[in-house]
Amino acid sequence: MKITKHLFFIITLIHLLSCNNNKNIEVTKNESKQIKQTPKSLVKKEVLKLSETNEKLSGRYYVEKFTFFAKQGFDLTKVKPINDFILYELNFKKNGKIEFKDLTERYDCGNGVINLKNSKFSSKNNNEYLIEFNGEYASEQRFKVKAIYQLTKIEKGGYFLYLKKVIEDKREPIYGDQ
1 MKITKHLFFI ITLIHLLSCN NNKNIEVTKN ESKQIKQTPK SLVKKEVLKL SETNEKLSGR
61 YYVEKFTFFA KQGFDLTKVK PINDFILYEL NFKKNGKIEF KDLTERYDCG NGVINLKNSK
121 FSSKNNNEYL IEFNGEYASE QRFKVKAIYQ LTKIEKGGYF LYLKKVIEDK REPIYGDQ
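Structure representation (structure tokens):
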């Protein structure tokens, strides 16, 4: 029985040490270098002609790179990508609510996994949308981001919600100071 307790303790300790914040920060820095160049090369300059209703930004979209939604924006596609490591589904409902599903099959570590709750959107003018994301990064921080995005078409197909202006960006640690 003592051996089982010691073995359980050692395995738990190894798991906790493998999920430290330094590892997550390194990954984020590497991803940010790749993504900072992406929007300019992907976003087509011609903006879609959309009406001011929510009809055009409605339905299920797949999102691969959602990490920088509060810094640059993010891409949306109706076609589910094949063999993508991290994948989310956003469902823009006609009533203005956004349903979020994490379609990622497996994470090495649960720390920092994004989860959206009670997010919503509304149509403005000139293909602009006011979007409010409420959620958290698991074991790290809760956030509320309210921003104006402009819907643009991407050359490779799909859309890009280009971040125009952040109205509110509140973040608070889940466990004390971080």
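Okay, so the sequence shown: first residue is 1 according to full-length UniProt numbering, each after it adds one. Cβ coordinates follow ideal geometry from the N, Cα and C atoms, glycine included.
Please return the same chain residues whose Cβ sits closer than 7 Å to the Cβ of residue i, not counting the five positions on each side in sequence.
i	result
K80	Y62
K165	A147 and I148
residue 181	The requested residue 181 does not occur in the structure, where the chain is confined to residues 1 to 178.
Y107	V113
T77	Y61, Y62, G157 and G158
K120	G96, K97, I98 and E132
DSSP has residue i in a bridge; who is on the other side?
i	result
I82	According to DSSP, I82 bridges with nothing at all.
Y129	S123 and Y149
Y137	I114 and Q141
G73	Y162
G59	F92
F100	L90
K2	Looking at the DSSP assignment, K2 forms no beta bridge with any residue, so it has no partner.
F171	The residue you asked about is not Phe; residue 171 is Arg in the sequence shown. DSSP lists F143 as partners of R171.
Of the choices the options, whose alpha-carbon is the least far from that of residue i?
i	options	result
L151	Y107, V113 and F74	F74
K124	F68, K156, N134 and A147	A147
F68	I154, K153, V145 and G158	V145
N127	K94, N118, K153 and S139	K153
S139	K56, E155 and C109	C109
Y162	E155, Y129 and K56	Y129
In chain order, what residues of the same chain have a beta carbon less than 6 Å from the beta carbon of residue i, not counting five sequence neighbours either side?
i	result
P173	Q141
S32	Reliability fails at S32, whose pLDDT of 36 lies under 50, so the model's placement of it is uncertain and the value that follows must be treated cautiously. Contacts found: none.
R171	Q141 and F143
N118	N134
S122	G96 and L130
Looking at residue j and residue i, is the spacing between their C-beta atoms short of 8 Å?
i	j	result
L116	I131	no
T104	L87	yes
F85	S58	no
Rounded to the nearest angstrom, what separates residue i and residue j at their Cα positions?
i	j	result
G112	E168	21 Å
Q72	I3	51 Å
E64	F100	13 Å
A70	F160	13 Å
K56	Y175	40 Å
K94	I82	28 Å
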